[in-house]
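From first to last, the protein sequence lines are chains A and B.
Taking my numbering, the leading residue of the first sequence gets 41, the next gets one more, and so forth.
Taking my numbering, the leading residue of the second sequence gets 41, the next gets one more, and so forth.
Before any comments, here is the structure.
Number of protein chains: 2
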Amino acid sequence: MIEYRNLRVALLGAGSVGAQVVAQLQKHGEELANRAGAGIELIGVAVRDIDAPRTAEIPRELLTTDAEGLIVGADIVVELIGGLEPARTLILEALNSGADVITANKALIATHGPELFAAAEQVGAQLFYEAAVAGAIPIIRPLRDSLAGDQVHRILGIVNGTTNYILDRMDLEGQSLEEALAEATALGYAEADPTADIEAYDAAQKAAILASLAFHTSVPIEAVYREGITAITGEQVEAARRAGYVIKLLAICERMIDADGDAGVSARVYPALVPRAHPLAAVHGAKNAVFVEAEAAGDLMFYGAGAGGVETASAVLGDLVSAARRHVIGGPGIAESTHGDLPILPIESVTTRYQISLLVNDQPGVLAAVATVFNEHGVSVETVHQTVSSLGAEGESATATLVIGTHEASEASLADTVDALASNDTVRAVTSVLRVEGSE
Amino acid sequence: MIEYRNLRVALLGAGSVGAQVVAQLQKHGEELANRAGAGIELIGVAVRDIDAPRTAEIPRELLTTDAEGLIVGADIVVELIGGLEPARTLILEALNSGADVITANKALIATHGPELFAAAEQVGAQLFYEAAVAGAIPIIRPLRDSLAGDQVHRILGIVNGTTNYILDRMDLEGQSLEEALAEATALGYAEADPTADIEAYDAAQKAAILASLAFHTSVPIEAVYREGITAITGEQVEAARRAGYVIKLLAICERMIDADGDAGVSARVYPALVPRAHPLAAVHGAKNAVFVEAEAAGDLMFYGAGAGGVETASAVLGDLVSAARRHVIGGPGIAESTHGDLPILPIESVTTRYQISLLVNDQPGVLAAVATVFNEHGVSVETVHQTVSSLGAEGESATATLVIGTHEASEASLADTVDALASNDTVRAVTSVLRVEGSE
Numbered sequence: 041m042i043e044y045r046n047l048r049v050a051l052l053g054a055g056s057v058g059a060q061v062v063a064q065l066q067k068h069g070e071e072l073a074n075r076a077g078a079g080i081e082l083i084g085v086a087v088r089d090i091d092a093p094r095t096a097e098i099p100r101e102l103l104t105t106d107a108e109g110l111i112v113g114a115d116i117v118v119e120l121i122g123g124l125e126p127a128r129t130l131i132l133e134a135l136n137s138g139a140d141v142i143t144a145n146k147a148l149i150a151t152h153g154p155e156l157f158a159a160a161e162q163v164g165a166q167l168f169y170e171a172a173v174a175g176a177i178p179i180i181r182p183l184r185d186s187l188a189g190d191q192v193h194r195i196l197g198i199v200n201g202t203t204n205y206i207l208d209r210m211d212l213e214g215q216s217l218e219e220a221l222a223e224a225t226a227l228g229y230a231e232a233d234p235t236a237d238i239e240a241y242d243a244a245q246k247a248a249i250l251a252s253l254a255f256h257t258s259v260p261i262e263a264v265y266r267e268g269i270t271a272i273t274g275e276q277v278e279a280a281r282r283a284g285y286v287i288k289l290l291a292i293c294e295r296m297i298d299a300d301g302d303a304g305v306s307a308r309v310y311p312a313l314v315p316r317a318h319p320l321a322a323v324h325g326a327k328n329a330v331f332v333e334a335e336a337a338g339d340l341m342f343y344g345a346g347a348g349g350v351e352t353a354s355a356v357l358g359d360l361v362s363a364a365r366r367h368v369i370g371g372p373g374i375a376e377s378t379h380g381d382l383p384i385l386p387i388e389s390v391t392t393r394y395q396i397s398l399l400v401n402d403q404p405g406v407l408a409a410v411a412t413v414f415n416e417h418g419v420s421v422e423t424v425h426q427t428v429s430s431l432g433a434e435g436e437s438a439t440a441t442l443v444i445g446t447h448e449a450s451e452a453s454l455a456d457t458v459d460a461l462a463s464n465d466t467v468r469a470v471t472s473v474l475r476v477e478g479s480e
Numbered sequence: 041m042i043e044y045r046n047l048r049v050a051l052l053g054a055g056s057v058g059a060q061v062v063a064q065l066q067k068h069g070e071e072l073a074n075r076a077g078a079g080i081e082l083i084g085v086a087v088r089d090i091d092a093p094r095t096a097e098i099p100r101e102l103l104t105t106d107a108e109g110l111i112v113g114a115d116i117v118v119e120l121i122g123g124l125e126p127a128r129t130l131i132l133e134a135l136n137s138g139a140d141v142i143t144a145n146k147a148l149i150a151t152h153g154p155e156l157f158a159a160a161e162q163v164g165a166q167l168f169y170e171a172a173v174a175g176a177i178p179i180i181r182p183l184r185d186s187l188a189g190d191q192v193h194r195i196l197g198i199v200n201g202t203t204n205y206i207l208d209r210m211d212l213e214g215q216s217l218e219e220a221l222a223e224a225t226a227l228g229y230a231e232a233d234p235t236a237d238i239e240a241y242d243a244a245q246k247a248a249i250l251a252s253l254a255f256h257t258s259v260p261i262e263a264v265y266r267e268g269i270t271a272i273t274g275e276q277v278e279a280a281r282r283a284g285y286v287i288k289l290l291a292i293c294e295r296m297i298d299a300d301g302d303a304g305v306s307a308r309v310y311p312a313l314v315p316r317a318h319p320l321a322a323v324h325g326a327k328n329a330v331f332v333e334a335e336a337a338g339d340l341m342f343y344g345a346g347a348g349g350v351e352t353a354s355a356v357l358g359d360l361v362s363a364a365r366r367h368v369i370g371g372p373g374i375a376e377s378t379h380g381d382l383p384i385l386p387i388e389s390v391t392t393r394y395q396i397s398l399l400v401n402d403q404p405g406v407l408a409a410v411a412t413v414f415n416e417h418g419v420s421v422e423t424v425h426q427t428v429s430s431l432g433a434e435g436e437s438a439t440a441t442l443v444i445g446t447h448e449a450s451e452a453s454l455a456d457t458v459d460a461l462a463s464n465d466t467v468r469a470v471t472s473v474l475r476v477e478g479s480e
């Protein structure tokens, strides 16, 4: 066995990911030392309650409730507590003491990233966060390093496994949203309070992180437009299927040119129609995938497990080996790059294609009336499908459903169009408005 | 504009990739300098013939025929000549002078990797080669860095776009191998001499590189078992479709336990049956994808363009920014890790599942006779499908086709089984033997 300099690693938090990090280090510590060129010595695991039950066994002598004390003298600190505080304060203390820090904390990076990256750069330390987005899938390094010589145009990400599971079950099994959510909860994919997932707060945090990285521009979480999946109905899923689409909750990061010809960045999350032939349409169950459109590289996709204790531990341990190698080599860490500093564009300036479903009176002139509304608001119609919905009871006119696909239109024009449609005499109801993302 | 220290970059070769590297550097040089934290100054482009036509314009004053002279004084050398010599000698000269080297040369890395990596480590330089495998798809960094804390069990890679295009056309359009190859040639996917692609020499080089990286073990190209696609027939493609499979040329890197319980590595390339539901089955046209099965991360897939001048330039420029950052930070490069040093196992010790098609006499006792042959050689039969092929002319017995799916069996046992079947009285012909890879 080769003798290496030992690097002292402090672990904060021993939940499902932390317990697996300890287990993997115990199982493969020597192998990881060989890869890193340095011994990796776990000096302690800070927890709130030493006697709490754990998903994997941790030697009792490693456990401590004194996180601050543990950080002192650590070369590398792994933060797996989650949430904003005390995680933020502890990471700042670790960075200020010169330790490299590894975190899987997406909420913290999305909320306080700039402060933390600045603290790291100040002392030449590095903050690693591969596990914060899409769990085990390597996406941070590919964006920061592999694509560093390219220009990312757009990212379409399925970055929340819970909602992908729910939408996939609705699509494949015809379940309702409630049934699919209940199943996801029973299987442990969804938490008791599923709000963060189904209202897309989780996906929005990941969108902020991916956009910041891809566009070298600090994108705050508040700037991410967000719609969850709670309004998605079985009828919409079924109509999407008939039209050759599947509904996916997408985190979208896009470099755009605004009306004045200036470059800007959009980060947004919403359920969208994805063509069946698109690689993202084949991402089933709770899997995640990040689809990247780059100027030179063309289309790339990164696919795998987006969550899970042992899967996320893989990303944490990859960062740990990188941090250890960095300590062996010396020199400052790679600073987070925000030189791009592009303006963040509001959702109103985004342009996409749409599919709008209308319940209309089945009478002559309806199509012309509806087409006029689109035309008046500068929204160009690409396709129209009409189906008779009901022949109408006595004294009522028959109704029909119109499904209208548009060319690229701005959110602002589209919103105005929908308002005008809703108040148009020939339209009984606007039953569905969905964006279409991803080329056929 | 920020003023940076300038790094001097020498480019060797100006084919389709080299010309695009120059074009992208001219277009995005300032942006790349911001990302790298260093100016990137292209000091020259070494070519064989200054007046040869190029796919993108290169300023004439940059062109030189003196590659050795250009290397002197370069901080970073980008080798895009291809082939073994003079690429090998020039890279060694560059590394020995302390320059970092970036190459897209898969043949060279697969053949002389250990020599080149040793030369780099000797002087603390680094050899980058993201573009050598799967073109634009980031796979080297994910394997070396992101998965550095995990144990890779297996890699299944579609790493040759030409053969994937051919097999995809055979599958989707019912074309013959010859028709699909002719189309691939007409579209520029296949070279005038397609041997390197269709005989899988190209894929074998990539398998050697991926296996070396994934298992921290130097896997020489000679140790890679190789079968091309030239024997694949339209009948096999059609039979695969009926059975729920698609035939893909796979580069397979596997960590195995041999008969004595010792760990070893297998690297091999052959056309295999992939279940339709497997993510690799959805990789169409000339696209590449690398599917990785890891202990903690689970299943991952990396998908994108595997070739093309501008796509490959994306990977080269990503390496260029990484090399530039490394120069800014200082310290030695990350050495290639071969501490794993596992034995390379021969193809005979590999175990997989098989599908074997037999043309047999349609008479009582045939199935029992065939089953006995499998049994005698220790190969366990999982499924049998029988179809009557011909009722037989007068004086001849009718024939039937038996398609036999096996459980996992060793190559050695399977080869013995096939030999015994071929000489069995009830078997007229062994019409197809294909391995099955990828879980359902």
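Note that CB positions come from ideal geometry on N, CA and C, so glycine has one too.
These numbers were taken from a predicted model, which means no experiment stands behind them.
Excluding the 5 residues flanking residue i on each side, which residues of the same chain have their C-beta closer than 6 Å to its C-beta?
i	result
Ile121/A	Leu52, Gly53 and Ala127
Gly268/B	Ile238, Glu239 and Ala240
Ala336/A	Asp190
How would you call residue i, buried or exposed, if buried means at least 16 neighbouring beta carbons within 10 angstroms?
i	result
His367/B	buried
Leu124/A	exposed
Asp211/B	buried
Arg181/B	buried
His447/B	exposed
Ala73/B	buried
Ile131/B	buried
Val350/A	buried
Thr457/A	buried
Gly405/B	exposed
Asn145/A	buried
Asn200/A	buried
Gln66/B	exposed
Ala469/B	exposed
What three-state label does DSSP hand residue i in the structure shown?
i	result
Glu119/B	strand
Ala337/B	coil
Val192/A	strand
Asp402/A	coil
Tyr526/A	Nothing about residue 526/A can be read from this structure; chain A reaches only from 41 to 480.
Leu156/A	helix
Arg107/B	With the sequence shown as reference, residue 107/B is identified as Ala, and Arg is not the correct amino acid for it. It is helical.
Ala469/A	strand
His425/A	strand
Asn46/B	strand
Ile131/B	helix
Leu385/A	coil
Ser252/A	helix
Glu125/B	coil
Ala347/B	coil
Can you name, in chain order, every residue of its own chain whose Cβ lies under 8 Å from the Cβ of residue i, other than the five neighbours on each side?
i	result
Ala279/A	Ser397, Val443 and Ser472
Ser389/A	Met296, Asp298, Ala299, Gly304, Ser306, Ser450, Glu451 and Ala452
Val356/A	Val57, Val61, Val118, Leu120, Ile142, Ala144, Glu170 and Ala171
Assuming the contact rule is C-beta atoms closer than 8 Å, residue i and residue j should be a hit. Round their C-beta distance to whole Å, please.
i	j	result
Val62/B	Ala96/B	7 Å
In chain order, what residues of the same chain lie with their CB nearer than 7 Å to the CB of residue i, ignoring the 5 residues before and after it?
i	result
Val314/A	Tyr285, Val286, Lys288, Leu320, Ala321, Glu477 and Gly478
Ser252/B	Gly153, Ser258 and Val259
Gln403/A	Ser437
Ile26/B	Nothing in the structure corresponds to residue 26/B, since chain B is present only between 41 and 480.
### Query
Given 8 Å as the limit, is there contact between the segment 161 to 172 of chain B and the segment 137 to 150 of chain B, that is, 3 or more CB pairs closer than that?
When Cβ pairs closer than 8 Å are counted between the two stretches, the segment 161 to 172 of chain B is seen to touch the segment 137 to 150 of chain B, the count reaching three or more.
### Query
Can we say the segment 132 to 139 of chain A touches the segment 106 to 118 of chain A, given the rule of at least three CB pairs closer than 8 Å?
Two segments are said to touch when three or more pairs of C-beta atoms, one from each, lie closer than 8 Å; by this definition the segment 132 to 139 of chain A touches the segment 106 to 118 of chain A.
### Query
When the Cβ atoms of the segment 351 to 371 of chain A are set against those of the segment 75 to 90 of chain A, are three or more pairs found closer than 8 Å?
With a cut-off of 8 Å, the segment 75 to 90 of chain A and the segment 351 to 371 of chain A count as touching, because enough Cβ pairs lie within range.
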